[in-house]
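Chemist: Take a look at the following structure, please.
Below is the structure:
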């Protein structure tokens, strides 16, 4: 922001900046600056540290692992920009997976029909969250903690905790296949991200989402359909979680009840790393997914080095703290001798 | 003798010179008015005086000490901000003495009883209608305002008190009461800096006035011998006619109703019925808390009506649906600019275009060319002063934010427009601009409701004035044939309206 304001006015004194300062200023000015800088640094460091990192095989592993959390991240980041949060996305993903398994294996339905039904169910679960939040005026954090219990419990009731095996081969392409050498789930992620980013940046609804996140009361005063948009965003998050759940089933070949257990905090961390404000109104799904890429790369390098996986969360937690400090530190650096 | 003196202070922000070699001298026992239009640099100057902002150049002397070197000197300056900044879920006494260790009411534990006892004295001195143990968000807004002043004034060591538009949510009685307190502080030898856009207050209270324009000091003058016309001229650099009236010049026909409310009840008001005609400016007068804003917000659908109906052009407006009200051609401009108006995280451009995005899309996509055109036109037409449309709106001065919001509402081309205190905290030049816009719109056939606490504003603009008292409509008056006393009687709920001054 500071960049844009310095440019047109004050023709008498063009601001002179040392190159380091100009670089920091540019990164702060661009909303994606922080995450891109971090991405480049970590990517470069990983390439230097391990000869196995920059191989097509390893890249494919990262891409495939990333796809599932990435899909959930898209939905969660849109909710966060709105100023909401859904802690039941993981449970919805898991429930969609096992429901898919039941429909395909136990009821013998057509796999593609089952897949469609699961996605609908996911969107329905999200819509139910949204409807309860908007109609009963509940806090989304509290309500979705409760709903996570409901959906997760339904999952266990249906499966008794046992995985459903024998998923038809028809859909395994979705989880294991390649399109021009790229894993299918990753392609699905890119397509979803492109669609959602387009809506967020170029359409009125996207602009309304930023407006609601910035000031929900003022948005209502302007006649924006705040509750309808909120419900739509929850439905989207549910839909994307269900999609991730189904893709995971297709990849594993079994419907595990534990699918989605790790899809709650990682997407929030990814969104924060990618510049999405927890208070709403700031950030973008693109940044959030880039944040997920960072987490994915770190997890990968930890595996490559053979470090105990227990260190993973220590490192990714540290990265979150670093990422949110980056912006504040950069601003302080810029202002240091401005006075 | 001087308490505080600033010399040749200069402060620039990216793209703007906020203060350009400004001098100011504050003397004890004097009330010093700071006057100037929105964006003239008053807020920045106050920030320099309170030490919140360090100037790029110049000196700040407090009791002959260099305050920029010894920042402890700034504790001698007490400041009451315009916006309420209190801890809502804490008690009156706690708010008064926060932070407790500095006010001497607790180092390890807070001695609540002693604190409430001390608070009781201040409450009495400042005439606050509350008990020390009351929670702040349970007391009225005027009382909160007074509490904020009491909080600033209970610091023993202060020699300068800065009040930034302290009366914007006070009624006439409360304002009078506050002025009494200010005068007493002045007589105790305190230097007062008073910022206000209300001419009556400036002339009633001021001893000296410093006028700012575009970041420069136009000069400092004694208030004695100053006239309203001259002061306005100094502030704006041009002259406006105070006698100018803004009633729509065409007669409206009796049966050309555009909006009608029938026995509508909701939060804070009950059984309100009235009609608004096409091409009319209908004023709503009443005290703070009379239920005017609540009534308008309910008609607009922001609150849900508990009974009654509203019709726009014969079509019923559904309850609690602002989106439908807007789609039917209604726009409401709230007095709460910060809470209901601006989107602080978005740019000026995004703030303005938000109301008309649905009309500037092409195949579902926002056309950035059309958006830029509309925004540029609005910025030009409403004289929004910003270095760039991409600037975040929070970086604009309050008056320019207000102009941007009004421009946004107009871009929608509404059929019914509700203005709720549109000129609160706005300088007189901009005020007249807004009046002219209202007049023009009314003459084009828009129905306008003007909710205002300023009688002069209603008399200047409205053709008809409806009065409210304690949640009920108490009368409807033709502006041309009604005197102020009758109106004032109706808004204070006097049974025999004609005998009340």
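Protein chains in written order, with our numbering: chain L, 102 to 440; chain Y, 26 to 526. Where a beta carbon is used, it is the ideal one built from N, C-alpha and C, also for glycine. The structure displayed is predicted, hence computed values, not measured ones.
(1) Residue 261(L): buried (16+ other C-beta within 10 angstroms of its C-beta) or exposed?
(2) Which ranges would you report for the alpha helix (DSSP H) in the segment 163-229 of chain Y if only whole runs of at least 4 residues count?
(3) Looking at chain L, is there any beta carbon in it that lies within less than 8 angstroms of the beta carbon of residue 195(Y)?
(4) Using 8 angstroms as the threshold, is the C-beta distance between residue 287(Y) and residue 295(Y) below it?
(5) Tell me which same chain residues have a C-beta within less than 8 angstroms of the C-beta of residue 179(L), skipping the five on either side of it?
(6) Tell me which residue opens and which closes the alpha helix (DSSP H) that residue 315(Y) is part of.
(7) Contact between the segment 306-318 of chain Y and the segment 471-479 of chain Y is defined here as three or more beta-carbon pairs at a separation below 8 angstroms; is this criterion met?
(8) Starting from residue 365(L), trace the alpha helix (DSSP H) in both directions and tell me its first and last residue.
(9) Cβ closer than 8 angstroms: which chain L residues qualify as neighbours of residue 364(Y)?
(10) Could you give the first and the last residue of the continuous alpha helix (DSSP H) run that contains residue 398(Y)?
(11) Mapping DSSP to helix, strand and coil, what is residue 426(Y)?
(12) Hey, is residue 322(L)'s beta-carbon within less than 8 angstroms of any beta-carbon in chain Y?
(13) Give, in chain order, every unbroken run of the beta strand (DSSP E) that is at least 3 residues long and sits entirely within the segment 277-350 of chain Y.
(14) Are three or more beta carbon pairs between the segment 186-204 of chain L and the segment 225-233 of chain L nearer than 8 angstroms?
(15) Using a C-beta cutoff of 8 angstroms, does residue 331(L) count as contacting chain Y?
(16) Can you tell me the Cα-Cα spacing of residue 121(L) and residue 101(Y), whole angstroms?
(17) Using a Cβ-Cβ cut-off of 8 angstroms (strictly less than) and excluding sequence neighbours within five positions of residue 158(Y), which residues of its own chain qualify?
(18) Considering only C-alpha positions, which residue in the set 452(Y), 86(Y), 210(Y), 31(Y) is nearest to residue 258(Y)?
(19) Per DSSP, what are the beta-bridge partners of residue 60(Y) in this structure?
(20) Short of 6 angstroms in beta carbon distance, which residues of its chain neighbour residue 31(Y), apart from the five on each side in sequence? Order them along the chain.
(21) Tell whether a beta-carbon distance below 8 angstroms holds between residue 285(L) and residue 294(L).
(22) Cβ of residue 347(Y) less than 8 angstroms from any chain L Cβ?
(23) Taking the straight line between their C-alpha atoms, what separation do you get for residue 26(Y) and residue 70(Y)?
(24) Does the beta-carbon of residue 200(Y) have 16 or more other beta-carbons within 10 angstroms, so that it is buried, or is it exposed?
(25) Tell me whether residue 148(L) is buried or exposed, calling it buried when 16 or more other Cβ atoms sit within 10 Å of its Cβ.
(26) DSSP puts residue 356(L) in a beta bridge; with which residues?
(27) On the DSSP bridge assignment, give the partners of residue 372(Y) in chain order.
(28) Might you give, ordered along the chain, the residues of its own chain that have their beta carbon closer than 7 angstroms to the beta carbon of residue 437(Y), omitting 5 neighbours on each side?
(29) If we count the other Cβ atoms within 10 Å of its Cβ and call it buried at 16 or more, is residue 44(Y) buried or exposed?
(30) Give me whichever residues DSSP pairs with residue 112(Y) in a beta bridge.
(31) Could you pull out every residue in the same chain whose Cβ sits closer than 8 angstroms to the Cβ of residue 368(Y), ignoring the five residues on either side in sequence?
(32) Under 8 angstroms between C-beta atoms, does residue 73(L) make it to chain Y?
(33) Does DSSP put residue 30(Y) in a helix, in a strand, or in coil?
(34) Between residue 66(Y) and chain L, is any beta-carbon pair separated by less than 8 angstroms?
(35) From 262(Y), 93(Y), 255(Y), 144(Y), pick the residue whose C-alpha is nearest to that of residue 62(Y); which is it?
(36) Flag residue 397(L) as yes if its beta-carbon sits less than 8 angstroms from any beta-carbon of chain Y, otherwise no.
Modeler: Considering the structure as presented:
(1) Exposed, since its Cβ has fewer than 16 Cβ neighbours within 10 Å.
(2) 166-178, 197-212
(3) no
(4) Against a cut-off of 8 angstroms, the Cβ pair of residue 295(Y) and residue 287(Y) comes out as no contact.
(5) So the qualifying residues of the chain are 297, 301, 310, 334, 337, 338, 386.
(6) Unbroken run through residue 315(Y): none, as it is neither H nor E.
(7) yes
(8) Premise fails: residue 365(L) is in no alpha helix (DSSP H) and is neither H nor E.
(9) 316, 318, 319
(10) Its alpha helix (DSSP H) spans residues 393-406.
(11) helix
(12) yes
(13) 282-291, 294-302, 306-310, 332-337
(14) yes
(15) no
(16) Cα atoms of residue 121(L) and residue 101(Y): separation of roughly 41 angstroms, rounded to the nearest angstrom.
(17) 116, 117, 118, 141
(18) It is 452(Y).
(19) 236(Y)
(20) So the qualifying residues of the chain are 49, 85.
(21) No, these two residues do not count as a Cβ contact at 8 angstroms.
(22) yes
(23) Taking the Cα positions, residue 26(Y) is about 21 angstroms away from residue 70(Y).
(24) buried
(25) exposed
(26) 265(L)
(27) 417(Y)
(28) If we look at residue 437(Y) and ignore the five residues flanking it on each side, its Cβ neighbours are 356, 380, 381.
(29) Per the 10 Å Cβ criterion, buried.
(30) According to DSSP, residue 112(Y) bridges with nothing at all.
(31) Excluding residues within five positions, the ones whose Cβ falls inside 8 angstroms are 375, 376, 379, 418.
(32) There is no way to answer for residue 73(L), as the model of chain L reaches only from 102 to 440.
(33) strand
(34) no
(35) 262(Y)
(36) no
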